[in-house]
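Undergrad: Pasting a structure here, questions to come.
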Amino acid sequence: MDRYRLHVNGRQREVRVPGDTPLLWALREELGLTGPKYGCGVGACGACVSLVDGQAARPCVRTVEESEHTRITTIEGLSARGDHAVQRAWLELDVAQCGYCQPGQIMAAVALLARTPDPDDEQIAEALRDNVCRCGTYPRIRAAVRRAAE
Ligand code: FES
């Protein structure tokens with residue numbers, strides 16, 4: 003077991019895990035941050051998307067070791083009361099159905115809007131292309147991204 007210092011949601015946190023532990027496990031099991039969801043574990047579904055140094059990243063395919071010296075933001079760190087503009091848009095448009103994929107969808111949208119504040123439909127589709135929603139909420143997701151950009 004090794005010790006790793008992770009900068010998560012504005013705080014330094016320490017975890018004691020093997021260095022090759024997926025960051026997603028450290029977030030969920032060691033730090034109790036269960037916003038990032040486990041879907042596929044191979045970087046394909048987007049359920050775990052969080053921000054690493056402001057970019058959308060998939061913590062299921064990053065190790066704890068390579069995550070040291072980065073700034074990690076999970077959906078828990080997005081806002082104090084769940085009132086980030088993207089979260090508000092999601093609520094206003096009642097996007098979620100089962101909700102499982104939505105933290106990853108929201109974080110992917112946050113990353114998109116940070117680099118492209120007024121994305122067109124093509125840019126939204128491209129940014130969220132690899133975030134799977136089994137309930138098929140895609141039209142509401144796209145509408146919520148446009149709402150958050152207003
Ligand atoms: Fe990370 Fe699917 S659980 S991309």
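Numbering (this note's numbering), first residue to last: 3 to 152.
We treat Cβ as the ideally placed atom computed from N, Cα and C, and that holds for glycine.
Report the partner residues of HIS9 according to the DSSP bridge assignment.
TA: Here residue 9 refers to the residue found at position 7 of the sequence shown. Its beta-bridge partners are GLN14, ARG73.
Undergrad: Let me make sure I understand the geometry here. Which of ARG73, GLN99, HIS9, ALA110 has the alpha-carbon closest to that of VAL88?
TA: On the sequence shown, residue 88 is found 86 positions in, with the first residue counted as 1. Residue ALA110 is the option with its Cα nearest to VAL88.
Undergrad: Among the candidates ALA82, ARG15, ARG142, whose CA atom is the shortest distance from the CA of GLU70?
TA: Start at 1 with the first residue of the sequence shown, and residue 70 comes out as number 68. Comparing Cα positions, the closest option is ARG15.
Undergrad: Would you tell me roughly how many angstroms separate the C-alpha atoms of GLY106 and ASP85, rounded to the nearest one?
TA: Here residue 106 refers to the residue found at position 104 when the sequence shown is read from its first residue. Here residue 85 refers to the residue found at position 83 when the sequence shown is read from its first residue. Straight-line Cα distance between these residues: approximately 16 Å.
Undergrad: Check whether the region 134-141 touches the region 110-124, taking contact to mean three or more Cβ pairs, one atom from each stretch, closer than 8 Å.
TA: no
Undergrad: In terms of residues, what are the limits of the beta strand (DSSP E) holding VAL54?
TA: Position 52 of the sequence shown, counted from the start, is the residue given in the question as residue 54. Unbroken beta strand (DSSP E) run through VAL54: 52-54.
Undergrad: For a test of your reading of the model: does the CB of ALA46 fall under 8 Å from any non-hydrogen atom of the ligand FES? Yes or no.
TA: Taking the sequence shown and counting its residues from 1, the one referred to as residue 46 is at position 44. Yes, Cβ of ALA46 sits closer than 8 Å to a heavy atom of the ligand FES.
Undergrad: In angstroms, rounded to a whole number, what distance separates the CA positions of GLU68 and LEU95?
TA: Numbered from its first residue, the sequence shown carries residue 68 at position 66. Numbered from its first residue, the sequence shown carries residue 95 at position 93. The straight-line gap from Cα to Cα measures roughly 37 Å.
Undergrad: Can the beta-carbon of SER52 be found less than 9 Å from the beta-carbon of ALA46?
TA: The residue labelled residue 52 in the question sits at position 50 within the sequence shown. The residue labelled residue 46 in the question sits at position 44 within the sequence shown. No, the pair does not count as a contact, with Cβ atoms beyond the cut-off.
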